[in-house]
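If you count the sequence shown from 1, you need to add 46 to reach our numbering.
By construction, the Cβ of each residue, glycine as well, lies at the ideal position given by its N, Cα and C atoms.
What follows is a single structure, written as structure tokens, with notes after it.
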Amino acid sequence: MDTFVIGGGNRLYGTTRVQGAKNSVLPILAASILNGGISEISNCPDLTDVTCTLRILRHLGCEAYRDGDVIYVDSSGMNKNSISDRLMREMRSSIIFMGAILARTGSAIISYPGGCNLGARPIDLHLWALRELGATIDEVGGYIVCKADKLVGKDIYLSIPSVGATENIMLAATAAQGTTRIHNAAREPEIADLQAYLRAAGTNVTGAGTSTIQIEGGSRLRDVKHRIIPDRIVTITYMAATAAAGGEVTIEGVEPQHISAVTSVMREAGCVIREERDRIHIRSDRRLRAVKPIRTMPYPGFPTDAQSPLMAVMCTAEGTSVFVENIFENRYRCASELMRMGADIRIEGRVAVVCGVPKLYGTKVAATELRGGAALVIAALGAEGESEVSGIEHIERGYEKLDVVLKGLGANIERKTVSVPEE
Ligand code: EPZ
């Protein structure tokens with residue numbers, strides 16, 4: 047139950063390196079059960095979500111361990127096809143294992159992934175698509191029992207370009223007879239990274255990054271070596287921290303084109319941003335100004351995961367900024383905590399109106415989910431006085447050593463261990 051104690055007002059200076067992408071390593075670790083062999087995956091961030099995924103792989107009978115930023119998986123010994131309720135509750139994105147377990151074993155039993163703080167997080171598209179490929183799916187007492195004696199490839203038309211559903215279909219389709227085409231597929235860079243892993247394993251999959259992905263099933267798969275792409279949302283978070291606190295920071299190991307939609311908004315706000323091949327340099331040396339409405343959209347639109355971090359920045363910009371959250375139903379949870387710091391935010395359903403105030407004031411705030419927690423840290427860096435952010439276990443699901451990185455850039459941030467009183 048640790049907290050971050052942050053003394054606001056320090057500008058950030060220096061260079062840091064971004065971690066590998068959480069939302070890429072998770073589906074690729076699920077995919078590592080497909081080849082029944084070795085996967086050597088580098089640039090893996092050290093996150094609680096990744097640790098949980100390694101626990102799931104070991105629960106399924108695989109060998110899975112980390113050596114620095116490299117994760118080794120040997121899935122030859124896989125001997126289970128079920129994921130317990132406890133493991134599923136630890137991380138709802140474990141739903142991504144369903145397609146891979148089904149492809150490897152012909153049946154998968156997983157418990158219903160609960161909703162989360164972002165909303166209901168339905169999986170109807172995942173289940174519908176697997177039925178389209180020939181699976182039978184029964185929901186029995188909170189468990190999803192998925193069976194497929196034979197998966198047959200076909201054209202699948204997604205009503206929403208769901209990232210998770212696209213990934214689940216790609217993984218299941220590797221074992222389907224014939225060709226599977228996913229129409230209205232998600233176009234996120236993490237999908238292209240999953241495709242790169244699958245192609246390295248010997249699957250004939252093409253089209254990732256476009257709205258139509260084609261998978262030829264039935265290939266014999268081989269051992270894989272793969273390097274995870276940079277985390278675009280963590281890159282944006284470091285940029286937002288610099289924008290809010292002021293200063294001049296270079297972030298290395300990034301893919302600038304993955305964050306173009308956000309970079310243009312931050313330039314509009316007044317940040318000076320220079321992009322190079324694999325690094326981005328941001329300077330913020332004056333009060334920022336409000337931007338035109340920010341509407342979250344599927345990639346390559348403005349990412350929903352960047353909405354809270356950018357809201358934290360716009361709280362002290364000059365003028366009024368409007369956010370429209372089109373992806374998740376409950377993604378303004380951090381707004382009430384920002385208001386405790388003095389922010390002027392009005393929420394009307396999917397719309398948040400942020401009237402910039404001259405400054406925020408440090409106080410005790412509570413993180414309740416990953417990106418909203420990052421937003422509270424960002425706000426605290428630029429606030430006057432000391433803040434204490436509790437609930438950092440939410441933040442550590444997606445950010446590797448965020449306090450160490452920010453301290454390295456000159457932030458006044460300390461991790462405080464809060465001892466839980468004995469019962
Ligand atoms: C992935 O979640 C990411 N998580 C999310 O990042 C990200 O916000 C999201 O994609 C959108 O980019 C991982 O990759 C592990 P979706 P996912 O399926 O796959 C609805 C973070 O902070 N939907 O694209 O769950 C859904 O409710 C996390 O790192 C259905 O209705 O997102 C949402 O409104 C948060 N039925 C929309 O689609 C379904 O069967 C997009 O969800 C599936 C989704």
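Could you please give me the residues that DSSP links to residue i through a beta bridge?
i: Thr366; result: Cys401
i: Leu374; result: Going by the sequence as given, residue 374 is Phe instead of Leu. DSSP output for Phe374 lists no bridge partner at all.
i: Gln260; result: Arg227 and Thr252
i: Tyr59; result: Glu294
i: Ile129; result: Ile156
i: Ala412; result: Ser436
i: Glu185; result: Ile190
i: Ser330; result: Gly293
i: Arg273; result: Ser88
i: Arg392; result: Val399
i: Tyr284; result: Beta-bridge pairing links Tyr284 to no other residue.
Run through DSSP, which three-state label would residue i get?
i: Asp92; result: coil
i: Gly83; result: coil
i: Glu322; result: coil
i: Cys108; result: coil
i: Leu204; result: coil
i: Pro346; result: coil
i: Gly419; result: helix
i: Pro12; result: The question about residue 12 has no answer, for the chain in this structure spans 47 to 469.
i: Ile52; result: strand
i: Glu446; result: coil
i: Cys361; result: coil
i: Lys68; result: helix
i: Asn458; result: strand
i: Val308; result: helix
i: Ala169; result: In the sequence under discussion, the amino acid at residue 169 is Ile, which differs from the Ala named in the question. DSSP places Ile169 in coil when its eight states are reduced to three.
i: Asp113; result: strand
i: Arg150; result: helix
i: Glu430; result: strand
i: Val464; result: coil
i: Cys380; result: helix
i: Cys317; result: coil
i: Asp351; result: helix
Which residue wins for smallest C-alpha separation from residue i, given the options the options?
i: Glu314; options: Ala352, Ala363, Asp269 and Glu439; result: Ala363
i: Ile155; options: Ala166, Glu136 and Lys126; result: Lys126
i: Ala67; options: Arg379, His440 and Ile282; result: Ile282
i: Glu415; options: Gly428, Gly365, Val435 and Ile328; result: Val435
i: Gly53; options: Arg273, Glu432 and Glu86; result: Glu432
i: Glu213; options: Ile259, Ser205, Arg177 and Leu133; result: Ile259
i: Gly255; options: Ala232, Glu262 and Leu75; result: Ala232
i: Ala247; options: Met144, Ser140, Gly82 and Glu322; result: Gly82
i: Val311; options: Lys271, Ile393 and Met360; result: Met360
i: Ser257; options: Pro168, Gly263, Ile237 and Ala381; result: Ile237
i: Lys271; options: Val400, Arg245 and Ala381; result: Arg245
i: Asn69; options: Asp239, Leu356, Ile183 and Pro467; result: Asp239
i: Val411; options: Ser78, Asp131, Phe143 and Leu384; result: Leu384
i: Ile202; options: Lys193, Ile190, Ile183 and Thr225; result: Thr225
i: Ile183; options: Lys200, Ala166 and Gly145; result: Gly145
i: Lys405; options: Ser330, Ala389, Lys200 and Arg417; result: Ala389
i: Leu422; options: Ser465, Ile228 and Gln353; result: Gln353
i: Ala520; options: Ile147, Pro207 and Lys447; result: The structure shown has nothing for residue 520, since the chain only spans 47 to 469.
i: Gly107; options: Thr151, Asp113, Pro207 and Gln65; result: Thr151
i: Gly471; options: Met124, Pro91 and Tyr59; result: Any question about residue 471 goes unanswered here, given that the chain covers just 47 to 469.
Suppose you measure from the CA of residue i to the CA of residue j; what does that come to, to the nearest Å?
i: Leu249; j: Asp324; result: Sequence check: residue 249 is Thr here, not Leu. Cα-Cα distance, rounded: 28 Å.
i: Val51; j: Val450; result: 13 Å
i: Arg138; j: Tyr378; result: 20 Å
i: Glu460; j: Ala287; result: 16 Å
i: Val368; j: Pro344; result: 18 Å
i: Lys196; j: Ala289; result: 53 Å
i: Thr463; j: Glu439; result: 12 Å
i: Met387; j: Pro346; result: 32 Å
i: Ile102; j: Leu452; result: 31 Å
i: Ile122; j: Leu80; result: Note on identity: in this sequence residue 122 is Ser, with Ile being the wrong assignment. Looking at the two C-alpha atoms, the distance is approximately 9 Å.
i: Val96; j: Gly187; result: 28 Å
i: Phe135; j: Leu72; result: A small fix is needed here, since residue 135 is Arg in this sequence, not Phe. If I take the Cα positions, the gap works out to 15 Å.
i: Leu164; j: Ala420; result: 15 Å
i: Ile141; j: Cys317; result: 38 Å
i: Ala77; j: Ile275; result: 16 Å
i: Asn89; j: Glu375; result: 32 Å
i: Asp269; j: Ile84; result: 5 Å
i: Met47; j: Met285; result: 27 Å
i: Tyr189; j: Ile228; result: 26 Å
i: Arg320; j: Asp331; result: 15 Å
i: Ala426; j: Thr62; result: 20 Å
i: Leu100; j: Ile129; result: 12 Å
Give a yes or no on whether 9 Å exceeds the smallest Cβ distance from residue i to chain B.
i: Pro276; result: The chain inventory of the structure shown lacks chain B, comprising one protein chain alone.
Could you check whether the Cβ of residue i sits closer than 8 Å to any heavy atom belonging to the ligand GTP?
i: Ile275; result: As for the ligand GTP, it is missing from this structure, which binds only the ligand EPZ.
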